[in-house]
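Chemist:
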Amino acid sequence: EHGIYGSGRPDTGFRPFDSYDSVGPPVIVPVAGAFEVVGTRLAAGRAVMAGYYLVFCALLFFLMRGAFGGRAAVVAVVLATAGFGSVYMGRTLYGEAPALAYVVGGLLVWRAALRKPGMSGWSVLTGVAFGLAVLCKTIVVLSVFPLLGVWIYDRLTFKRILWHHAALPALGGVAVIGAWWMVQALSQHDVADAASGTVGVY
Numbered sequence: 002e003h004g005i006y007g008s009g010r011p012d013t014g015f016r017p018f019d020s021y022d023s024v025g026p027p028v029i030v031p032v033a034g035a036f037e038v039v040g041t042r043l044a045a046g047r048a049v050m051a052g053y054y055l056v057f058c059a060l061l062f063f064l065m066r067g068a069f070g071g072r073a074a075v076v077a078v079v080l081a082t083a084g085f086g087s088v089y090m091g092r093t094l095y096g097e098a099p100a101l102a103y104v105v106g107g108l109l110v111w112r113a114a115l116r117k118p119g120m121s122g123w124s125v126l127t128g129v130a131f132g133l134a135v136l137c138k139t140i141v142v143l144s145v146f147p148l149l150g151v152w153i154y155d156r157l158t159f160k161r162i163l164w165h166h167a168a169l170p171a172l173g174g175v176a177v178i179g180a181w182w183m184v185q186a187l188s189q190h191d192v193a194d195a196a197s198g199t200v201g202v203y
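Read in order, the letters of the sequence shown are residues 2 to 203 in my numbering.
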């Protein structure tokens, strides 16, 4: 509303880069853009969030269809939408729906990367998607543990995940998060304090 990345009001002052709700720039910036285009209206913000949720559902469908077929993909989307709080999260200014969209998108492009024996841009794009997911909702950083489990399982079985299938996504994710931290640092914001505090809570 005021063209400032932070919380507060002109009469009480602003708190730049407020991490209280941990909703990052992939959510805040499009909503601010919608406000700029159509005015500060609740419907504008909800339209952005609903768009994210629809993208999540579409990506989930394609992810599941590639692994289990079309019928299972439809069931996956229905169950995700029927889950408690899904519709609520799909229309309110929280990072869950956008983060899930980026995670599922990251898994989709990672699957494409795994089909290529050499290094490819798909691996980097995987990391970019996961990095954006972390910026949407910091708790997504904990997804590193199930991904580590996938890698260990693969080492014991199929051995399809090569070193660059893990290293390039890691670099892509670090680049996205690092770029956002750089923006905050250039604005004289204590990046380390805010980041460690949020991750510490999780």
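Ideal Cβ placement from N, Cα and C applies to all residues, glycine included.
Under the three-state reduction of DSSP, which class applies to residue 159: helix, strand or coil?
Modeler: Taking the first residue of the sequence shown as 1, we reach residue 159 at position 158. Residue 159 falls in the coil class under three-state DSSP.
Chemist: Could you tell me which uninterrupted beta strand (DSSP E) segments, each at least 3 residues in length, are contained entirely in the region 45-114, listed from first to last along the chain?
Modeler: Listed in chain order, there is nothing to give.
Chemist: Can you tell me whether residue 29 is buried or exposed, with buried defined as 16 or more other CB within 10 angstroms of its CB?
Modeler: Position 28 of the sequence shown, counting from 1, holds the residue named residue 29. Classification of residue 29: buried, given that the 10 Å Cβ count is 16 or more.
Chemist: I'd like the list of long-range same chain contacts for residue 169, defined as Cβ closer than 6 Å, with 5 residues on each side in sequence excluded.
Modeler: For the purposes of this step, residue 169 is identified with residue 168 of the sequence shown, where counting begins at 1. Around residue 169: 124, 125.
Chemist: Hey, how far is the Cα of residue 6 from the Cα of residue 161?
Modeler: As a working note, residue 6 is residue 5 in the sequence shown. As a working note, residue 161 is residue 160 in the sequence shown. Those two C-alpha atoms are separated by around 42 Å.
Chemist: Hey, could you find the ends of the beta strand (DSSP E) residue 7 is sitting in?
Modeler: What you label residue 7 is simply residue 6 of the sequence shown in a count that begins at 1. That run of the beta strand (DSSP E) goes 7-10.
Chemist: Would you list the one or two residues that DSSP bridges to residue 16?
Modeler: As a working mapping, residue 16 is identified with position 15 in the sequence shown. 8, per the DSSP bridge assignment.
Chemist: Quick check: the Cα distance between residue 9 and residue 41, rounded to an integer number of angstroms?
Modeler: If you number the sequence shown from 1, residue 9 lands on position 8. If you number the sequence shown from 1, residue 41 lands on position 40. Each residue's alpha carbon lies about 15 Å from the other.
Chemist: Can at least three beta-carbon pairs, one atom from the region 51-71 and one from the region 81-94, be found at a separation below 8 Å?
Modeler: Cβ pair count under 8 Å is three or more, so yes.
Chemist: Quick one: using the 10 Å Cβ neighbour count with 16 as the cut-off for buried, is residue 11 buried or exposed?
Modeler: Counted from its first residue, the sequence shown places residue 11 at position 10. The residue is exposed, with fewer than 16 neighbouring Cβ atoms inside 10 Å.
Chemist: When you compare the region 148-165 with the region 102-109, are there three or more beta-carbon pairs, one atom per stretch, that lie closer than 8 Å?
Modeler: The region 148-165 is not in contact with the region 102-109.
Chemist: Helix, strand or coil: how does DSSP classify residue 165 here?
Modeler: For the purposes of this step, residue 165 is identified with residue 164 of the sequence shown, where counting begins at 1. In the structure shown, residue 165 sits in a helix (DSSP, three-state: H, G or I).
Chemist: Check whether the region 61-73 and the region 126-141 touch, using three or more Cβ-Cβ pairs below 8 Å as the test.
Modeler: In short, these stretches do not touch, since the Cβ pair count stays below three.
Chemist: Taking the alpha-carbon positions, what's the residue 166 to residue 114 distance?
Modeler: Locating residue 166 in the sequence shown gives position 165, counting from the first residue. Locating residue 114 in the sequence shown gives position 113, counting from the first residue. Near 7 Å, if we compare the C-alpha coordinates of residue 114 and residue 166.
Chemist: By the 10 Å Cβ neighbour count, where 16 or more other Cβ atoms means buried, how is residue 118 classified, buried or exposed?
Modeler: Locating residue 118 in the sequence shown gives position 117, counting from the first residue. Result: exposed.
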